[in-house]
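Asks: Structure provided below as structure tokens; questions to follow.
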Amino acid sequence: MKQEDYVTEIKKLKKERNAIILAHYYQTSDIQEIADFVGDSLALSQKAADNEADVILFAGVKFMAETAKILSPQKKVLLPDIEAGCSLADSCDPKEFKKFIEKYPDHTVITYINTSVEIKALSNIICTSLNAKKIIESLPKGEKIIFAPDINLGNYVSLRTGREMVIWDGACHVHEDISLEEILNIKEKEPSAKIIAHPECNASIRMIADFIGSTTALLKYIETDKNMIYIVATEPGVIYQMKKTRPKKKFIAAPSLHFSHSECNFMKMITIKKIYDCLKKEKPEIIIDENLVNKAVKPIIRMLELSN
Ligand code: 13P
Ligand code: SF4
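Numbering (this note's numbering), first residue to last: 34 to 341.
Set out below in structure tokens:
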């Protein structure tokens, strides 16, 4: 089948199954176009908790589809490639994490949404990069906090809030590998370019950034800011929406140090063909043990309540 035939068939299947497609900003442009909703991790979880569909097809990675299933356990949640994981989520092993939090018994456990269901079940509150500061500030001053798994986001919010935290040493391979040297090279050729970065980037990138924020925050920033050129230090899928909202501006993807590009290989495992196959066969489906769902849902609901 040709690309346009897949698109037509997906639209038909969506109607037949009463399905919606939720896509993250790091998906390819064709997938962002076919999605019913495109957003960051927070907006996607809010949408997953509140929609009329019977089936949610998640164009994103596994922890996102799992969050959708936890929030809507009565719905069928599909992930077109079950291997679409996340290096950051993988950097926090549940057995090791359990031992870690046992060392700090009087601490509130805040975990970033990029985690497995098991880690969520061990947490008190979930956060995303958009609401991490707000969630930490909602806790009384002096409250002892464990933050996991991203050391970069953890250090960033600790600095922004002035709160000391015990931080797990995990990271995302895509953001960690964004090259400071290459950014500086681009800046030499394009001196008026502003550097905008995701908080998952390491400290050296965050230090030179003109603006730091979640994917949604970066999108809002380039919409209102007066500059015309930006070096975008995050997964370049987000540039598709940036170009759509501000077509006259120039966006340069920050290059990677070791990889040929700064794309997330997990996000890019989802394709239009896989979406079609998945909707047709209604699998791979996300199935999570009920007991685990009941534990993991509580910290996610706390996050949603604190984000409103
Ligand atoms: P956002 O919540 O900012 O969309 O980030 C998700 C993610 O996986 C970043 O790598
Ligand atoms: Fe995970 Fe990094 Fe990919 Fe985001 S970009 S999904 S944190 S591996």
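Cβ coordinates follow ideal geometry from the N, Cα and C atoms, glycine included. Just so it is clear, the structure is predicted and the values come from calculations on it, not from any experiment.
How far does the alpha helix (DSSP H) with F292 in it reach, from first residue to last?
Replies: Counting along the chain, F292 falls outside any alpha helix (DSSP H), and DSSP gives it neither H nor E.
Asks: Should H206 be listed as close to the ligand SF4, given that the test is whether its C-beta is under 7 Å from any heavy atom?
Replies: Answer for H206: yes, Cβ within range of the ligand SF4.
Asks: Per the DSSP calculation, F244 is bridged to which residue(s)?
Replies: According to DSSP, F244 bridges with I229.
Asks: Helix or strand or just coil, what does DSSP make of H206?
Replies: Here H206 sits in helix by DSSP.
Asks: For V215 versus A287, is the C-beta distance shorter than 8 Å?
Replies: The sequence as given places Glu at residue 215; Val does not occur at that position. Cβ atoms of E215 and A287: closer than 8 Å.
Asks: Measuring from the CB of H57, is there a heavy atom of the ligand 13P at a distance below 7 Å?
Replies: Yes - the ligand 13P has a heavy atom lying nearer than 7 Å to the Cβ of H57.
Asks: Give a yes or no on whether the C-beta atoms belonging to A250 and L163 are separated by under 8 Å.
Replies: Result yes, Cβ atoms of A250 and L163 sit closer than 8 Å.
Asks: Residue range of the beta strand (DSSP E) that I264 falls in?
Replies: Taken as a continuous stretch (DSSP letters only), the beta strand (DSSP E) holding I264 covers I262 to A266.
Asks: So what's D123 in DSSP terms, helix, strand or just coil?
Replies: DSSP places D123 in helix when its eight states are reduced to three.
Asks: Can you give the beta carbon distance from V271 to Y59, rounded, assuming they're within the 8 Å contact cut?
Replies: With a Cβ gap of about 7 Å, V271 and Y59 count as contacting.
Asks: Excluding the five sequence neighbours on either side, which residues of its own chain have a C-beta within less than 8 Å of the C-beta of K131, listed in chain order?
Replies: So the list reads L155, once near-sequence residues are dropped.
Asks: Mapping DSSP to helix, strand and coil, what is E223?
Replies: Three-state DSSP puts E223 in coil, outside helix and strand.
Asks: Quick check on the DSSP output: the alpha helix (DSSP H) that includes L46 runs from which residue to which?
Replies: Element bounds for L46: Q36 to R50.
Asks: Among E197, K220 and I89, which has the Cα closest to the Cα of P173?
Replies: With distances taken between Cα atoms, P173 lies closest to E197.
Asks: Since G72 is in the alpha helix (DSSP H), which residue starts that stretch and which ends it?
Replies: That residue, G72, is in no alpha helix (DSSP H); its beta strand (DSSP E) goes F70 to G72.
Asks: Excluding five sequence neighbours on each side, which residues of the same chain lie with their C-beta closer than 7 Å to the C-beta of E268?
Replies: For E268, where only same-chain residues beyond five positions count, the Cβ hits under 7 Å are Y59, V207, S295, E296, C297 and M300.
Asks: Which class does T141 belong to by DSSP, given the choice of helix, strand or coil?
Replies: T141: strand per DSSP, three-state reduction.
Asks: For V330, does the three-state DSSP call read helix, strand or coil?
Replies: Note: V330 maps to helix in three-state DSSP.
Asks: Whose CA, out of K47, E99 and I67, lies closest to the CA of I319?
Replies: For the residues K47, E99 and I67, the minimum Cα distance to I319 belongs to E99.
Asks: DSSP beta-bridge partners for F180?
Replies: Paired residue(s): I143 and I200.
Asks: Does at least one heavy atom of the ligand SF4 sit under 7 Å from the Cβ of E99?
Replies: Every heavy atom of the ligand SF4 is 7 Å or more from the Cβ of E99, so no.
Asks: Which residues, in chain order, sit with a beta-carbon under 5 Å away from any heavy atom of the ligand 13P?
Replies: Per the Cβ criterion, the list is D73, S74, T161, S162, S247 and T248.
Asks: Can you tell me whether DSSP reads V110 as helix, strand or coil?
Replies: Strand, per DSSP.
Asks: Tell whether a beta-carbon distance below 8 Å holds between I152 and C119.
Replies: Cβ atoms of I152 and C119: not closer than 8 Å.
Asks: Three or more C-beta pairs under 8 Å: does that hold for the stretch 40-54 against the stretch 128-145?
Replies: No, the stretch 40-54 is not in contact with the stretch 128-145.
Asks: Buried or exposed for T257, going by 16 or more other Cβ atoms inside 10 Å?
Replies: Exposed, because fewer than 16 other Cβ atoms sit within 10 Å of the Cβ of T257.
Asks: Can you find the residues in the same chain that come closer than 6 Å, C-beta to C-beta, to F180, ignoring five residues on each side of it along the sequence?
Replies: Hits under 6 Å: I143, G187, M198 and I200.
Asks: Is it the case that the Cβ atoms of I303 and Y39 are separated by a distance below 8 Å?
Replies: Contact: no.
Asks: Measuring from the CB of N147, is there a heavy atom of the ligand SF4 at a distance below 7 Å?
Replies: Yes - the ligand SF4 has a heavy atom lying nearer than 7 Å to the Cβ of N147.
Asks: The beta strand (DSSP E) spanning A92 covers which residue range?
Replies: Here the beta strand (DSSP E) through A92 covers V88 to A92.
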